[in-house]
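Working notes, beginning with the structure itself.
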Amino acid sequence: MTRRLTLCIDRLLYLGPDKTTVGVELKPGLNVLCGASESGKSFVVETIDFMLGGASDLRDLPERAGYDRVVMQISLSDERAFTIQRALQGGSYLWRAGRHDQLAPTDEVLRPTHDAEKDDNLSVRILSILGLGRPKLRRDKDMNTVSFTLRNLALLSIVQEDRIIANISPVLTANRVMNTVEKSAFKYALTGVDDSALVAIREAKENQARLVANRNALEAVIDVRQSKLPSSEQLDRLRERLKHLEGRIASIGDDVAGDEQQHSEASTRFRLLDRYVQTSRRRRQEIDSLLQRFVLLDEHYESDLSRLEAIVQSGAVFGALHPGPCPFCGAAPEAQAHENACDADPGKIVMAARSEIERISLLRQGLKETKARLAAENDQLTQRTEQAVSEQRTASQRSQQLALVLRERRRGIGDLDREAQSLRVQLRDADIVTELRTELTRMDEAVAADQEVKAASTALSLPPAETTAFAEELENILKAWDFPEMGRVAWEETRTDVLIGNRRRGDQGKGLRAITCSAFLLALMKRSVEKSRPHLGLTVLDSPLLAYWKPEGRADDLTGTKVDECFYRWMQSLPKTAQVIVIENRPLPDWVNNVAHVIHFTKNRTEGRFGLF
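Under this note's numbering, think of the first position of the sequence shown as 31, with each following residue one higher.
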């Protein structure tokens, strides 16, 4: 969680022409201004309040004669610092970053009046530095809001003597007109949630009027729609009919799915058979072509064999002839002359012819076997093709039959679905009217709730969880201070205050009111700083231990108790960035110097510091 920045007052200086600068230096943690009355202690508190946006000018003390302005140096918890200067008569501020003993007219001018729309005023400047932005606070019972200002924070941090003993809440003033704003500021510091989300009653009235108008318009729409609807009995019959139709549609849908599956299978079968028939036909055509060519080849083989057989027969006849006298001239064989002699040997020619006959015969036999195989394949293909064509015809018929069935079933589903859709429209109109009536009921409840809110008390209340935790924190502080006969501390919502031991805090004597008011504001600072909620991070208490030196009676007298000692020692438990400034009217024991930064005004010109001026 990111820690929110807090302030710490470092120096308070009073300046005037031809006057020696005077003032006080303050430290983080506990600071105590103690000493005699009328020494300027309370004037320091008034000055701090004045410098943090107080509107009225400061008291015109005789001692401050000649002083005309005051300078306050402030450091932040992130170690940055700034200085502001203001005339003692009031008016605008001068501003400069860093620590300075005085500022010049050339420094930045900040107006004293808060204006959330501009950045030229001290309130917005410091709120922005603290990371608070521009929050809103509730102003009145009509939920109107105002801007959260630096003065709201100052009221929670600075308590002068008249307020510390008041019998009202420490976070309220006697100006009852501002009590709602003051309580809202306390809620913001306690919870970290402002009132920006509030809507003014005027706008709420307009919203209620719109809500009622919308409700009446909706009721009119319902009446019109209701007049067009069948009776409740008819609607029940429509629902039964729709249920029956949806069952029929689902059943037929299952049949359609089965038929579609069968149709797909038949179509696939038809395509596969068609592919086979086409392939078979192409193969048969190839076989027919081959067989025709083989017939020609066989005829060629037969012709060759006939020619070769003739050669063999001729050679045999030629070989059987013997040499003899010439039949024409009678010349003896040895006397015959052959001019064109043939070197061929008839025997060899016959042998060659017989060898060729044997080769061709083998080829012709192979051709015969091939023709037989092709013929057998052709016969087989013919049979299979005829069977495939028959099966294809059956698959086609089955596919066509299923297509007709599917058309009829789909037509039937379409008729049923149109009827079902018509019923759904009628029933949907009835459902819409039911939904509109539900919305009408909700709007009636909203109108009633809005009227209850309007009629109920508009008193601002705080979250119980936060107030309970705050009361416990306050109780722990009082216990740590050894507060006598305190009992339990509880939150009292109506007074924005606490009950201590079942007794209202404001009903105590003024001395006890002072100490419990201090505990209240310190508890708020402690919780706010620890939880990074809106707070200056400093608390200024004027005379918190009044019960020790000016009690209202015996019950209000803390003399003899250790409340004061525990009060100062407890301050060491505060967050390191917190600053507490206490005005004490009694002399302090020496040990307080060990736990606090002490400034002692003696009112004695021969001893110590006389006073503020």
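We treat Cβ as the ideally placed atom computed from N, Cα and C, and that holds for glycine.
(request) Using the Cα positions of Ser86 and Ser72, report the straight-line distance between them to the nearest angstrom. (result) Here residue 86 refers to the residue found at position 56 of the sequence shown. Here residue 72 refers to the residue found at position 42 of the sequence shown. Between Ser86 and Ser72, the C-alpha separation is close to 16 Å.
(message) Can you look up Leu392 in the DSSP assignment and give me helix, strand or coil?
(response) For the purposes of this step, residue 392 is identified with residue 362 of the sequence shown, where counting begins at 1. DSSP places Leu392 in the helix class (H, G or I) of the three-state scheme.
(message) Tell me the rounded alpha-carbon separation between Glu212 and Asn205.
(response) Translated into the one-based positions of the sequence shown, residue 212 becomes position 182. Translated into the one-based positions of the sequence shown, residue 205 becomes position 175. So the two alpha carbons sit approximately 10 Å from each other.
(message) Measuring alpha carbon to alpha carbon, tell me which residue in Gly65, Asp40, Lys171, Gly531 is nearest Gly59.
(response) Along the sequence shown, read from residue 1 onward, the residue named residue 59 stands at position 29. Closest by alpha carbon: Asp40.
(message) Beta-carbon within less than 8 Å of Glu465's beta-carbon, same chain only, minus the 5 sequence neighbours each way: which residues are those?
(response) What you label residue 465 is simply residue 435 of the sequence shown in a count that begins at 1. The beta carbon of Glu465 is closer than 8 Å to none in its chain, skipping five residues each way along the sequence.
(message) Per the DSSP calculation, Asn209 is bridged to which residue(s)?
(response) Position 179 of the sequence shown holds residue 209. Within the DSSP bridge table, the entry for Asn209 names no partner.
(message) Tell me the rounded alpha-carbon separation between Ala146 and Glu93.
(response) The residue you call residue 146 lines up with position 116 of the sequence shown. The residue you call residue 93 lines up with position 63 of the sequence shown. If I take the Cα positions, the gap works out to 38 Å.
(request) Identify every residue that forms a DSSP beta bridge with Tyr123. (result) Along the sequence shown, one-based indexing puts residue 123 at 93. Paired residue(s): Arg116, Leu140.
(request) Tell me Lys166's beta-bridge partners as DSSP assigns them. (result) Position 136 of the sequence shown, counted from the first residue, corresponds to residue 166. Lys166 pairs with Ser177.
(message) For the structure I just gave you, are there three or more beta carbon pairs, one from the region 543 to 561 and one from the region 185 to 197, closer than 8 Å?
(response) Touching, per the Cβ criterion.
(request) Could you spell out where the beta strand (DSSP E) holding Met601 opens and where it closes? (result) Here residue 601 is taken as the residue at index 571 of the sequence shown, counted from 1. From DSSP, Met601 is part of no beta strand (DSSP E); its letter is neither H nor E.
(request) Answer with buried or exposed for Gly583, where buried requires no fewer than 16 other C-beta atoms within 10 angstroms of its C-beta. (result) As a first step, residue 583 must be located in the sequence shown, where it is residue number 553. With fewer than 16 other Cβ atoms within 10 Å, it is exposed.
(message) If contacts are defined as beta-carbon pairs under 8 Å, then Leu446 and Leu275 qualify, I think. What distance do you get, rounded to the angstrom?
(response) In the sequence shown, residue 446 corresponds to position 416, counting from 1. In the sequence shown, residue 275 corresponds to position 245, counting from 1. Their Cβ separation, rounded to whole angstroms, is 5 Å, which keeps Leu446 and Leu275 in contact under 8 Å.
(request) Report the three-state DSSP secondary structure of Glu522 (helix, strand or coil). (result) For the purposes of this step, residue 522 is taken as residue 492 along the sequence shown, with counting starting at 1. Strand.
(request) List the whole-angstrom C-beta distance separating Gly531 from Ala577, where the pair is believed to meet the contact cut-off of C-beta under 8 Å. (result) Taking the sequence shown and counting its residues from 1, one reaches residue 531 at position 501. Taking the sequence shown and counting its residues from 1, one reaches residue 577 at position 547. For Gly531 against Ala577, the beta-carbon gap comes to about 16 Å, at or over 8 Å, which does not count as contact.
(message) Please identify the residue among Phe178, Asp172, Gln132, Arg126 whose C-alpha is closest to the C-alpha of Thr143.
(response) Here residue 143 is taken as the residue at index 113 of the sequence shown, counted from 1. Among Phe178, Asp172, Gln132, Arg126, the Cα nearest to that of Thr143 is on Phe178.
(request) Measure how close the beta-carbons of Thr607 and Thr36 come, nearest whole angstrom, since I'm counting them as under 8 Å. (result) As a position in the sequence shown, residue 607 is number 577, starting the count at 1. As a position in the sequence shown, residue 36 is number 6, starting the count at 1. Contact between Thr607 and Thr36 holds, since their C-beta atoms are separated by about 5 Å, short of 8 Å.
(message) Give me the DSSP bridge partner(s) of Tyr578.
(response) Within the sequence shown, residue 578 is the residue found at index 548, counting from 1. For Tyr578, which the question treats as bridged, DSSP gives no partner whatsoever.
(message) Using DSSP's beta-bridge definition, name the partner residues of Val612.
(response) The residue given as residue 612 occupies position 582 in the sequence shown. Residue pairing for Val612: DSSP places it in a beta bridge opposite Val62, Leu571.
(request) Could you spell out where the beta strand (DSSP E) holding Leu42 opens and where it closes? (result) Translated into the one-based positions of the sequence shown, residue 42 becomes position 12. 37 to 45 is the span of the beta strand (DSSP E), which, as asked, contains Leu42.
(message) Buried or exposed, going by whether 16 or more other CB atoms sit within 10 Å of the CB of Ala406?
(response) Position 376 of the sequence shown, counting from 1, holds the residue named residue 406. By the C-beta density criterion, Ala406 is exposed, having fewer than 16 other C-beta atoms within 10 angstroms.
(message) Just to confirm my understanding: we take Asp224, look at its own chain, exclude 5 residues before and 5 after, and list those with CB closer than 7 Å. What are they?
(response) Counted from its first residue, the sequence shown places residue 224 at position 194. Excluding residues within five positions, the ones whose Cβ falls inside 7 Å are Pro165, Lys166, Leu167, Phe178, Tyr218.
(request) Indicate the three-state DSSP secondary structure (helix, strand or coil) for Ala626 in the structure shown. (result) The residue you call residue 626 lines up with position 596 of the sequence shown. The answer is coil: DSSP assigns Ala626 none of H, G, I, E or B.
(message) I'd like to know if the region 436 to 450 and the region 310 to 318 are in contact, where contact means that at least 3 CB-CB pairs between them fall below 8 Å.
(response) They do not touch, by the three-pair rule.
(message) Which of the three DSSP states is assigned to Ala111 in this structure?
(response) For the purposes of this step, residue 111 is taken as the residue at position 81 of the sequence shown. Correct three-state label for Ala111: strand.
(request) Could you check if Trp521 is buried or exposed, using at least 16 other CB atoms within 10 Å of its CB as the buried criterion? (result) Counting from 1 along the sequence shown, the entry for residue 521 is found at position 491. Taking all protein chains shown into account, Trp521 has 16 or more neighbouring C-beta atoms within 10 Å of its C-beta and is therefore buried.
(request) Kindly indicate which three-state DSSP category Asn532 falls into: helix, strand or coil? (result) Within the sequence shown, numbered from 1, the residue matching residue 532 stands at position 502. Residue state for Asn532 is assigned as coil, using DSSP reduced to three classes.
(request) Please name the residue in Ala95, Val100, Arg89 whose C-alpha comes closest to that of Leu45. (result) Position 15 of the sequence shown, counting from 1, holds the residue named residue 45. Comparing alpha-carbon positions, the option among Ala95, Val100, Arg89 lying closest to Leu45 turns out to be Val100.
(message) Could you tell me the alpha carbon to alpha carbon distance between His627 and Ala549, rounded to whole angstroms?
(response) One-based indexing of the sequence shown puts residue 627 at position 597. One-based indexing of the sequence shown puts residue 549 at position 519. Going from the Cα of His627 to the Cα of Ala549 covers about 20 Å.
(request) Identify the continuous beta strand (DSSP E) that holds Glu560 and give its terminal residues. (result) Along the sequence shown, one-based indexing puts residue 560 at 530. Counting along the chain, Glu560 falls outside any beta strand (DSSP E), though it belongs to the alpha helix (DSSP H) covering 540 to 560.
(request) Run the CB neighbour count on Ser391, radius 10 Å, all protein chains shown included, and call it buried at 16 or more, exposed below. (result) Walking along the sequence shown from the start, residue 391 turns up at place 361. Result: exposed.
(request) My understanding is that Leu157 touches Glu138, with C-beta atoms under 8 Å, so please give their C-beta distance in whole angstroms. (result) Counted from its first residue, the sequence shown places residue 157 at position 127. Counted from its first residue, the sequence shown places residue 138 at position 108. Not really, about 17 Å apart at Cβ, beyond 8 Å.
(message) Our contact map puts Asp150 next to Leu140 with C-beta atoms below 8 Å; I'd like the distance itself, whole angstroms only.
(response) Sequence index remark: in the sequence shown, residue 150 carries index 120 (1-based). Sequence index remark: in the sequence shown, residue 140 carries index 110 (1-based). Confirmed, about 6 Å.
(message) With a threshold of 7 Å on Cβ separation, who are the neighbours of Ser573 within its own chain once the five nearest residues in sequence on each side are excluded?
(response) For the purposes of this step, residue 573 is taken as the residue at position 543 of the sequence shown. Cβ neighbours of Ser573 beyond the five flanking positions: Glu191, Ile194, Ala544, Ile613, Asn615.
(message) Taking 8 Å as the threshold (C-beta atoms), are Leu248 and Leu470 in contact?
(response) Along the sequence shown, read from residue 1 onward, the residue named residue 470 stands at position 440. Along the sequence shown, read from residue 1 onward, the residue named residue 248 stands at position 218. Closer than 8 Å, so yes.
(message) Judging by CA-CA distance, which residue of Ser294, Pro514, Lys580 is the nearest neighbour of Arg428?
(response) Here residue 428 corresponds to residue number 398 of the sequence shown, with the count starting at 1. The closest CA to that of Arg428, considering only Ser294, Pro514, Lys580, is found on Ser294.
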